[in-house]
Amino acid sequence: MKSFRPFKTAAVTASGLVLVVSMAACSRPADHQAQAAADQTTLRVGVGIDAAYAPFFVADAEGMFSKAGLKVELVQFGRGGEAVDAVNAGEINIAGNSDTTTSAQMASSDKLRAIASYESSGQYVKAVLRDGVAGPKNVKKLGYVQGLSQIATNKYLEANGIDPKSVELVAAAPADMPALLRRGDIDGYVMWEPWPQTALDQKIGHVDAASAAFGFSYHHWLVTNEAWLSGHGDAAQKFTKVLDEAAKKTEADPALAATVTEKAVKIKPADTKVAIDQIDFAVRSLDAESVKSTTEIVDFYQSVGAIKSRPDLNKALVLGWYKGA
Numbered sequence: 360m361k362s363f364r365p366f367k368t369a370a371v372t373a374s375g376l377v378l379v380v381s382m383a384a385c386s387r388p389a390d391h392q393a394q395a396a397a398d399q400t401t402l403r404v405g406v407g408i409d410a411a412y413a414p415f416f417v418a419d420a421e422g423m424f425s426k427a428g429l430k431v432e433l434v435q436f437g438r439g440g441e442a443v444d445a446v447n448a449g450e451i452n453i454a455g456n457s458d459t460t461t462s463a464q465m466a467s468s469d470k471l472r473a474i475a476s477y478e479s480s481g482q483y484v485k486a487v488l489r490d491g492v493a494g495p496k497n498v499k500k501l502g503y504v505q506g507l508s509q510i511a512t513n514k515y516l517e518a519n520g521i522d523p524k525s526v527e528l529v530a531a532a533p534a535d536m537p538a539l540l541r542r543g544d545i546d547g548y549v550m551w552e553p554w555p556q557t558a559l560d561q562k563i564g565h566v567d568a569a570s571a572a573f574g575f576s577y578h579h580w581l582v583t584n585e586a587w588l589s590g591h592g593d594a595a596q597k598f599t600k601v602l603d604e605a606a607k608k609t610e611a612d613p614a615l616a617a618t619v620t621e622k623a624v625k626i627k628p629a630d631t632k633v634a635i636d637q638i639d640f641a642v643r644s645l646d647a648e649s650v651k652s653t654t655e656i657v658d659f660y661q662s663v664g665a666i667k668s669r670p671d672l673n674k675a676l677v678l679g680w681y682k683g684a
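Residue numbers for the sequence shown follow the numbering used here, so the first one is 360 and each next one is one higher.
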């Protein structure tokens, strides 16, 4: 049985530690082994369906979780925000998601906790314009996805001296963007790979700039639920340590990462290799700089009315949590 599968609400139950009560004062060694097996909690981990999650797929395919004594199930979500919603509901234990999307969700839940960063990039998110649109000054409509794409779109327009209010923003799912671009329903979009490369492959658009060129970089966080973390801190640390090792392996062996990612989420190996070249995969503790950059994100969301109240970042971001960093 594969250890990852698409998320289906009806099939989800909250993970919990199974408590086995011994009926005898003394137990045989076999009884101890059976109890240890029963006590092993399955970590249900939410991942996306793009190459940004390559270290998760590497750790799973290479048996790194089981070697560390962890039983891990990777649950795939079409959008990272959906995985964080599942964490909030207690349906999964840990999720990987961007800082931009997660910080908005933290505004509506005081249970979410970001415990570490496992990737960052100023190259993986790109502004794509439809062929025939000469530059940002000619843009009338831009497609966007709430969260990371939304704030990157705003940064792109402002960096080019364009008032975001002067451009019509069209909300759509990531997979819909190329079709909207082809039909001329939008003039471009600011998105992560593989959607910029898709526009190039289909000969419907060109890359105008990577996000670093317009002053924007993102981070991906490990996000969990306060209640689960309080009772499973050791397991969370162990999981993060394995992901740290898998991130190093991903950087060191792009061919391996590309192969296992293709098997996991049907991403072309060439696209994964591009991602590895453009993303810095490394697990790091969150720090004061993390709070500063997240505060800027929250300020943006408040300015556009996307959130009604500010999250308490001093609680939501667990600074210095990862002991292996």
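Even for Gly, the Cβ is constructed at its ideal location relative to N, Cα and C.
- Between which two residues does the beta strand (DSSP E) harbouring Gln435 extend? 430 to 435
- Task: Please report how far the alpha carbon of Ala442 lies from the alpha carbon of Lys426, in whole angstroms.
- Result: 25 Å
- Grouping DSSP H, G and I as helix and E and B as strand, with all else coil, what is Tyr660? Helix, per DSSP.
- Which term fits Arg542, buried or exposed, when burial requires 16 or more other beta carbons within 10 angstroms of its beta carbon? exposed
- Task: Might you give, ordered along the chain, the residues of its own chain that have their beta carbon closer than 7 Å to the beta carbon of Ile766, omitting 5 neighbours on each side?
- Result: With the chain represented from 360 up to 684, any question about residue 766 goes unanswered, as that position is not in the structure.
- Message: Using CA atoms only, rank isn't needed, just tell me which of Val529, Ser479, Leu540 is closest to Val492.
- Response: Nearest C-alpha to Val492: Leu540.
- Where the beta strand (DSSP E) through Trp680 begins and ends: First-last for Trp680: undefined, no H or E at that position.
- Name, in chain order, the residues that DSSP records as bridge partners for Thr583. Ile453, Arg472
- Could you have a look at Thr401 and say whether DSSP puts it in helix, strand or coil? strand
- How would you call Asp646, buried or exposed, if buried means at least 16 neighbouring beta carbons within 10 angstroms? exposed
- Hey, which unbroken runs of the beta strand (DSSP E) at 3 residues or more fall wholly within the segment 589 to 668? Counting only runs of 3 or more, we get 639 to 643.
- Please work out which residues of its chain come closer than 8 Å, Cβ to Cβ, to Arg387, disregarding the five sequence neighbours upstream and downstream, and give them in chain order. Annotation note: pLDDT 35 at Arg387 (below 50); position unreliable, coordinate value reported separately. Cβ within range, chain order: n/a, list empty.
- Item | Own chain residues within Cβ distance below 8 Å of Gly679, not counting five before or after | Ser644, Leu645, Asp646
- Message: Does Pro414 come out as helix, strand or coil in the three-state DSSP assignment?
- Response: helix
- Less than 8 Å separating the beta-carbons of Val417 and Thr599? no
- Message: Within the continuous beta strand (DSSP E) that includes Val487, where are the two ends?
- Response: 484 to 489
- Going by the CB atoms, is the gap between Ala641 and Thr631 shorter than 8 Å? no
- When the distance is taken between beta carbons, is Ile453 closer than 8 Å to Ala445? Against a cut-off of 8 Å, the Cβ pair of Ile453 and Ala445 comes out as no contact.
- On the three-state DSSP scale, how would you describe Gly439? Gly439 falls in the helix class under three-state DSSP.
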